């Protein structure tokens, strides 16, 4: 557990910031998919998910989960399928549209930078106070 000034739990605050950005990305990706896909079943939209990955008490990644078809539509496909049918699917660029539309990652980067800056400041303050305590004892 990482602590900031006034013993704030920075790990928990960083996780909450990641979850907020994750929710925003998920909602915005669903909007982008609804606007660009032709299929009316909504399966791709329903299966979109995002999550937060924490590692060593710090935010490591925002994970985007989606169907295989979502990624194929994003990148496009040109080639021969297993059943020997030639396919040429254009790339829709779902994720490019998502990152152009949303500012969730910029907001997350700002929040995480503030929290980690607070952690560094607290650590330096603690080191200085320990050092001053040792000097006064001598």
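Residue numbers (this note's numbering): 12 to 149.
Every residue gets a Cβ at the ideal spot worked out from N, C-alpha and C, and that includes glycine.
Values in this document were obtained by computation on a predicted structure and should not be read as measured data.
Check                                                                                               : Outcome
Straight-line Cα distance separating residue 80 from residue 138                                    : 53 angstroms
Backbone secondary structure at residue 150 - three-state DSSP                                      : Nothing about residue 150 can be reported from this structure: the residues present for the chain run from 12 to 149 only.
Range of the contiguous beta strand (DSSP E) that encloses residue 38                               : Per DSSP, residue 38 belongs to no beta strand (DSSP E); it is in the alpha helix (DSSP H), 21-47.
Contact under 8 angstroms by Cβ, residue 74 with residue 62                                         : yes
Length at least 3, wholly inside the stretch 57-96: the beta strand (DSSP E) runs in chain order    : 60-66, 69-76 and 88-91
Any chain B beta carbon closer than 8 angstroms to residue 103                                      : Note that chain B does not occur in the displayed structure, where there is just one protein chain.
Same chain only: Cβ atoms within 8 angstroms of residue 76, ignoring 5 sequence neighbours per side : 58, 59, 60, 61 and 62
Helix, strand or coil at residue 134 according to DSSP, with G and I counted as helix               : helix
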